[in-house]
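Residue numbers (full-length UniProt numbering): 1 to 256.
Virtual Cβ for every residue (Gly too), placed ideally from N, Cα, C.
For clarity, every value in this text was computed on a predicted model and none was experimentally measured.
A short worksheet on the structure shown next.
Laid out in structure tokens, this is it:
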């Protein structure tokens, strides 16, 4: 398979950035100008999305296998939404490759289980799966709208999401395979991963409830958790200055 990777910055700690479902690494464009002078960035289009080809068989493990071979060793991995699950799986499966972990609006178990109520109801998720089969474009736009609901910067975020969706031009088969990844339960990966971990959550996120912050400490009690009061599912767009400050502080602590 072909993995699309872009590099920015010439000095500083290595960061690997992974986007969410239905999109591409273009979602990070709003941060590159601020990050590139201080970090070496590796932006990845997840297999099956953006400009990366599909895997023969799509799972969190197969995604990790495809990505770790193409990114710097010992980097700090930053994953938003689905990208957070992939980064988490990498931290558990290839600890020598992942120095630390930043999960943004990411839930180790996106779909509700009896013992994990702080997630998307299974009926809601199944409706997205069914809608994707019927009308991929409509489903992507519906998902974009849902991600921004409640955010103080909803209009700006929705414009960004729609632009990235249009530019990504993902194939239905890739969208379907990667959507199913959100059904995977990654809680065991979180328990196995020992790297320093920052979790950034939006208090108005309709996809990742704030209750995750309480439940997740039962899996690991050493996470650094930051809550963004006016953010929904895109806290790094809602308050980029705070996100950059939180990231800088976390990285400094990791490297100290």
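Query	Result
Local conformation of residue 180 per DSSP, three classes	helix
Residue nearest to residue 48 in terms of C-alpha spacing, selected from 85, 160, 154 and 181	181
Residue 109 - partner residues in DSSP beta bridges	185
Residues that DSSP places opposite residue 14 in a beta bridge	40
Three-way DSSP call (helix, strand, coil) for residue 119 in this model	coil
Pairwise C-alpha distance: residue 204 and residue 164	22 Å
Test item: CB-CB of residue 60 and residue 25 under 8 Å	no
Candidates 13, 177 and 6, of which the one nearest residue 255 by Cα	13
Cβ contact check for the segment 192 to 199 and the segment 50 to 70: 3 or more pairs under 8 Å	no
Helix, strand or coil at residue 233 [DSSP, three-state]	coil
Residue range of the unbroken beta strand (DSSP E) whose run includes residue 215	Where residue 215 is concerned, there is no enclosing beta strand (DSSP E), although the alpha helix (DSSP H) it sits in stretches over 212 to 216.
Burial state of residue 187 (16 or more Cβ within 10 Å)	buried
Selected residue, minimal CA-CA separation from residue 110, among 80, 139 and 91	80
Rounded separation between residue 73 and residue 98 - CA only	7 Å
Residue range of the unbroken alpha helix (DSSP H) whose run includes residue 159	154 to 168
Identified DSSP bridge partners for residue 100	76
Per-residue DSSP class, three states only, for residue 244	helix
Span separating the alpha-carbon of residue 96 from that of residue 134	42 Å
Closest residue to residue 217 among 229, 116 and 146 (Cα-Cα distance)	116
Outcome for residue 231 when other beta-carbon atoms lying within 10 angstroms are tallied against a minimum of 16	buried
Host alpha helix (DSSP H) of residue 88 (start-end)	82 to 93
C-beta contact flag for residue 122 and residue 193 at 8 Å	no
Coil, strand or helix - residue 226 by DSSP	strand
8 Å Cβ cutoff met for residue 208 and residue 69	no
Unbroken alpha helix (DSSP H) run spanning residue 2, endpoints	Where residue 2 is concerned, there is no enclosing alpha helix (DSSP H), given that its DSSP letter is neither H nor E.
Residues near residue 191 by beta carbon distance below 6 Å, same chain, minus five either side	219
Straight-line gap, residue 179 to residue 114 (C-alpha atoms, nearest Å)	21 Å
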